[in-house]
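A.B. asks: Per numbering that gives the first Met the number 0, residue 0 is the first one in the sequence shown, and the count goes up by one each step.
We put the CB at the ideal spot given by N, CA and C, even for glycine.
Predicted model, so just to flag it, every value in this text is computed and none were measured.
Quick one: this structure, given as C-alpha cells, is what I'll be asking you about.
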Amino acid sequence: MTRQTVFGGLLTVHLAHGDLVQAIVTRTNSCINCGMTAGELSVKVCGNLGCCFSPELDNDNINFLPGSTDSFRGPTILGECDEYQIGDRNGGPIRVTLIHSGTDGLQLDSVDIETDERVVTCLVNGQELDGDDWSQFYCD
C-alpha cells in the first residue's frame, strides 16, 4: 500500500504598488480662536483608484490647538484609510473632504496626505469649519 500526502498552501503576495495612505497630518491656523477642543473632524481621501474614510481624527495628544501640527496614523485612528491604496504608481491628484461636527469651529492651514510614495499638501488657507460644515479640496 502506497501512502501519499499532499500538502496545500496558501501563498499571499502583496502586489499593491502606489499611493498607500500612511498618515494624515493637519496644520491648525495660529489665530487665537482657530483651534478646536469640542468638535470632531472626519476626512475622506480620494485618488485615481478610489476613496477611503477616516471617521474621526483623534490620537492620544491634545489636537487642533492654534498653530499646532498633528499627525494621525495607524488603523485605530485612520480606519479604512490606513494602508488604503488611493492611487497607482503614477500618482495623480488627490481630493480631500473635511467633515466637521460639533459646536467648536476649526480653521486649518493645510492637510498633508502621506503615502508610501509621496506627501501631498492640500492648502485649506484658514477656511472655517463649524457645526456640520464640510469642504472639499483638490491637491497635487
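Report the residue ranges of all beta strand (DSSP E) runs contained in full by the segment 20–55; include only those spanning at least 3 residues, in chain order.
C.D. replies: The segment 20–55 contains these whole beta strand (DSSP E) runs: 39–46, 49–53.
A.B. asks: Under 8 Å between the Cβ atoms of D129 and L19?
C.D. replies: Not closer than 8 Å, so no.
A.B. asks: Nearest-angstrom Cα distance between R2 and P74?
C.D. replies: Below a pLDDT of 50, predicted positions are generally treated as unreliable, and R2, at 45, falls in that range; the measurement from the model is reported next regardless. Each residue's Cα considered, the two are about 47 Å apart.
A.B. asks: Assuming S47 contacts G86 under a Cβ cut-off of 8 Å, what Cβ separation, rounded to an integer in Å, is found between them?
C.D. replies: Contrary to the premise, residue 47 reads as Asn rather than Ser in this sequence. Going by Cβ atoms, the distance from N47 to G86 rounds to 5 Å, so yes, they are a contact pair.
A.B. asks: Can you give the Cα-Cα distance for V131 and K43, rounded to whole angstroms?
C.D. replies: It is Asp, not Val, that sits at residue 131 in the sequence shown. Roughly 15 Å separates the two Cα atoms.
A.B. asks: If contact is defined by three or more beta carbon pairs under 8 Å, each pair taking one atom from either stretch, is the segment 35–42 in contact with the segment 86–103?
C.D. replies: Result yes; three or more Cβ-Cβ pairs closer than 8 Å.
A.B. asks: Check the C-beta distance from I76 over to N60 and give it rounded, since I have them as a contact under 8 Å.
C.D. replies: In fact, because the Cβ distance is near 11 Å, the residues do not count as touching under 8 Å.
A.B. asks: Can you give me the start and stop residues for the beta strand (DSSP E) that I112 sits inside?
C.D. replies: First-last of the beta strand (DSSP E) with I112: 105–114.
A.B. asks: Who are the Cβ neighbours of L146 in its own chain at under 8 Å, not counting the five residues just before and after it?
C.D. replies: The requested residue 146 does not occur in the structure, where the chain is confined to residues 0 to 139.
A.B. asks: Output needed for V119: all residues of its chain with C-beta closer than 6 Å, excluding positions within five of it in sequence on either side, in chain order.
C.D. replies: So the list reads I93, I112, C138, once near-sequence residues are dropped.
A.B. asks: Report the option in Q21, P65, I31 whose CA atom is closest to the CA atom of F71.
C.D. replies: Among Q21, P65, I31, the Cα nearest to that of F71 belongs to Q21.
A.B. asks: Name the one or two DSSP bridge partners that V119 has.
C.D. replies: Answer is I112.
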